[in-house]
Structure formats: structure tokens, C-alpha cells
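Protein chains in written order, with UniProt numbering: chain A, 1 to 177; chain B, 1 to 177.
All C-beta atoms in this analysis are idealised placements derived from N, C-alpha and C, irrespective of residue type, glycine included.
Notes follow the structure.
Number of protein chains: 2
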Amino acid sequence: MAQKNLLKYILIGLLENEKKTGYDLKKLFETEIGEFWSAKHSQIYLELKRLEEQGYIASETGLFGNKIEKTYYTVTEKGRRVLNEWEETPTGELPINKDEFILKLYFIHNKNDKRIKEMLSEQYRLHASKLFHLQERMKLLFKDEISRTKNYGHFLILDLAIRREQEYIGWIKQYLY
Amino acid sequence: MAQKNLLKYILIGLLENEKKTGYDLKKLFETEIGEFWSAKHSQIYLELKRLEEQGYIASETGLFGNKIEKTYYTVTEKGRRVLNEWEETPTGELPINKDEFILKLYFIHNKNDKRIKEMLSEQYRLHASKLFHLQERMKLLFKDEISRTKNYGHFLILDLAIRREQEYIGWIKQYLY
DNA sequence: GGATCCATGTAACACGTTACATGATTGA
DNA sequence: TCAATCATGTAACGTGTTACATGGATCC
């Protein structure tokens, strides 16, 4: 997955409909996007600079209070074009989900190993908590039909994420008891 | 996930019961481990050297044919210890599965966007093919109760992987038709 | 007055991929 | 003899994290 610079498209995509600062974008990674992507502010600010140099986004400096300068970014025509090109390109190749827990489990050979129950219990807690969080997001963002139609992609992937957690929890339960 | 050097534990873990060459390990990443982890030979060879320097594994050079030298690695006591420590440490923090398709979908807002069906169709093919492959592996590796008991962790994660693909496919079908 | 958030940046490092490189062995 | 596979390595680069760094604004 590395080497494709997908952060580029995320940033352009997030700026598509509304100008935002680097800090705004950073906050989005902590909430909205955080469920399926991550990036630190250090990486975001650098990438924004690079995207501006390459002409995919443009910046304007706004004033906040009377001293702090905020840099707002907007998408250029060129940026809009590459975003669309990317969206239309078949993705191909399923990604490998590197999951440390899965890895640990792989190296446990004996069915009666005491650690299995401990590990499954921990995962149960983590996934149950994530499931709850996702369900709350679903309620908050997509309570009516209109909101679903307007951000349909987001609705779809939230639905997938919830199903996935439910399945994961089902799997754990089967082997935990 | 990065910064934890999990490759280290994979290599030690794979060498635990049997001495292997770098090439053997590379091959395992193409088959067995490939379902849930990836690594290129360039990274493997370097990591093996580092692990030997740090005393986690030891090497012996064998001859193959009459000219080629193969380097076999085995795990040391120190290596066995860190592997066990790792296995006993709670994993914590669910990983973020960075999936390019999910990302693209997020940026599609309109329910009637033609691209949704195309994207879902492509994913259907990919996941159906992966599911088939996983099911074949399951049949091959775990046909009887005894094989399950001997590599129980592997059986568990293969079962999870299959359920996950089934769920994914179910999700696609729901919105594709 | 102090904590927390807003806002932006740089530097060092770790992880992972791609490309370059070499040469022997095996089987058709 | 030619292709594929076995077998091992290095170099350059791209991506992402951690740590370092600064200073204003807001709220209690």
C-alpha cells in the first residue's frame, strides 16, 4: 500500500467542497477519517506544502484574532482533475491487513494454550468498544434517508465497518466459550 | 503499526521449530503468511542480519550442490525469550486497515453515481476470488481434527479470514443489486 | 496564572518498496 | 540452450512516526 501516496487524494478530497486549514484536516483524521485512515499533523503539513508546489491546491492566508495566521487551502482545477482520475481508476489488489493480534495467534500452536482465552478476551473488549462507537456514528450521521443519499459512500463504508465488527465479535464468541 | 518492528517476531517465530534460509522465509511470505502479512526479500535478508547481530538468531552455512552457499538460521535462547515476551504482551490498540477502495468510496457523495456499481463489481470479483483461495487453504491444511489441534492459531485466523470475506461479499451484494 | 486547545512547523529515524545486481541449478 | 527458479545481497527512495519546537487564544 505504501508508495502510492494516497494521503494526497485524501487531502484533495477533503478540501474539495470547502477550504480548510492544516489543523482542520488534522482534526478530521482524529474523528471522521480516523475510522479508516490515519495521518499525523507533521505529515499533513508537509504534504499540503508539496501539493501546493505541484499546483493541486492553492492557499490563502487568513487572520485569526489579530496575530495568528491561518493558512486556508482550496483545490485547483488540476487538483480536481487528478482526484477524478484516481476515483475512476480501478483499485485492484486487495490490501493486506496487518493485524498484530492475528500474527500472535498464528504462532500459538497448541489448542489448550492458556493465552488464547486471554487474547480473545482482550480483543472482545476492543472490538465491542469499536462497534459501539461506530453505531453511535451511524446514528448521529445517518439517521434519515436524506443524509444517506447525500453522503452515500460514507454511509456504505460505515455500514461495512459495523458489519465487520459484528462478524469479528461473533468469531471471538464462538471460540471464547 | 509501523515502528514496532513486528517482522522481527515473525522471523523468529517462523524459525522456532526448524532452521530455514532467507529464501525459505521469503517463500513463506508468498504463501502461508501472505494472507495476513507481507515482506520483500530485501527486507527479510537485512532483518535476518540484524537479528543475528543482536543475538536472537544464529546462522550456519550449508552447501547446496557444490558451489552455492545457503545460510540457515536458527533461534537462540534469547530469541525464544523475546518471542515469548511478545506473545504474552497485550496487543492493545486496534490497527487501522488502510483500504484504497474504502477511501474512494468515502469521496463518492451521490447515491446515483455510476461509479459505485463499477467499484462494487470489481471488489466482488476480488473478494470472491480471495474467499475461494482461503477455503481451498482451509480444506488443504485443516481437513481433520488433529491438524486443527496442532496449529490451532493458524486454524482460528483462517476461519476468521473466511468469515470476513463472506461478510464483505454479503455487504457488496446488498448494495450491488 | 495555568491548563488546554489552536495553529504550524522541522528533524531524526524506522519501516517498506523498487530497482539494481549477481550467479548457480534445474528441467524442458 | 534457454527459461524459470534458487539464493543472496545493496542502494535509493518513499512513507509514516516520534520527538522537538514555538507561540497565541480561550476558559476556568
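For residue j and residue i, believed in contact at Cβ under 8 Å, the rounded distance
{"i": "A:LYS78", "j": "A:GLY55", "result": "5 Å"}
{"i": "B:PHE155", "j": "B:ARG148", "result": "5 Å"}
{"i": "A:TYR12", "j": "A:ILE57", "result": "First, the amino acid is wrong: residue 12 of chain A is Ile here, not Tyr. So it is a contact: roughly 7 Å between Cβ atoms."}
{"i": "B:GLY153", "j": "A:TYR106", "result": "5 Å"}
{"i": "A:TYR73", "j": "A:LEU46", "result": "Going by Cβ atoms, the distance from A:TYR73 to A:LEU46 rounds to 13 Å, so no, they are not a contact pair."}
{"i": "B:LEU131", "j": "B:GLU165", "result": "4 Å"}
Cβ of residue i within 8 Å of any chain A Cβ
{"i": "B:TYR73", "result": "no"}
{"i": "residue 219 of chain B", "result": "Any answer about residue 219 of chain B is impossible in this case: the structure gives chain B only from 1 up to 177."}
{"i": "B:THR31", "result": "no"}
{"i": "B:HIS154", "result": "yes"}
{"i": "B:GLU137", "result": "In the sequence under discussion, the amino acid at residue 137 of chain B is Arg, which differs from the Glu named in the question. So, not an interface residue."}
{"i": "B:GLU167", "result": "yes"}
{"i": "B:ILE102", "result": "yes"}
{"i": "B:GLU175", "result": "Residue 175 of chain B is actually Tyr in this sequence, not Glu. With 8 Å as the cut-off, B:TYR175 counts as an interface residue toward chain A."}
{"i": "B:LYS130", "result": "yes"}
{"i": "B:LYS117", "result": "no"}
{"i": "B:ILE57", "result": "no"}
{"i": "B:ILE44", "result": "no"}
Residues near residue i by beta carbon distance below 8 Å, same chain, minus five either side
{"i": "A:ALA161", "result": "GLU35, PHE36, LEU134"}
{"i": "A:TYR124", "result": "ILE169, ILE172, LYS173, LEU176"}
{"i": "A:GLU16", "result": "VAL75, ARG80, LEU83"}
C-beta neighbour in chain B for residue i, strict 8 Å
{"i": "A:HIS109", "result": "yes"}
{"i": "A:ASN5", "result": "no"}
{"i": "A:GLY13", "result": "yes"}
{"i": "A:TYR124", "result": "no"}
{"i": "A:LEU51", "result": "no"}
{"i": "A:ARG80", "result": "no"}
{"i": "A:LYS143", "result": "no"}
{"i": "A:ASP24", "result": "no"}
{"i": "A:ARG146", "result": "In the sequence on display, residue 146 of chain A carries Ile and not Arg. Chain B, which has no Cβ nearer than 8 Å to the Cβ of A:ILE146, makes this no."}
{"i": "A:SER38", "result": "yes"}
{"i": "A:LYS27", "result": "no"}
{"i": "A:TYR106", "result": "yes"}
{"i": "A:LEU160", "result": "yes"}
{"i": "A:LYS98", "result": "yes"}
Cutoff 7 Å; reference residue i; Cβ partners in own chain excluding five residues on either side
{"i": "B:MET1", "result": "Here the model assigns B:MET1 a pLDDT of 47, short of 50, so the residue's position is not dependable, and the following value carries that caveat. The residues are PRO95."}
{"i": "A:ILE116", "result": "ILE108"}
{"i": "B:THR71", "result": "THR21, GLY22, SER59, THR61"}
{"i": "B:LEU28", "result": "LEU14"}
Cβ-based neighbour list, residue i, same chain, cut-off 6 Å, excluding 5 preceding and 5 following
{"i": "A:HIS41", "result": "LYS26"}
{"i": "A:HIS127", "result": "GLU165, TYR168, ILE169"}
{"i": "B:PHE142", "result": "ARG148, PHE155"}
**Prompt:** Can you give, in chain order, each stretch of the beta strand (DSSP E) that sits fully within the segment 66-139 of chain B and has at least 3 residues?
**Reply:** 68-75
**Within 7 Å of chain B by C-beta, residues of the segment 84-96 of chain A in sequence order** = GLU87, GLU88, PRO90, THR91, LEU94, PRO95, ILE96
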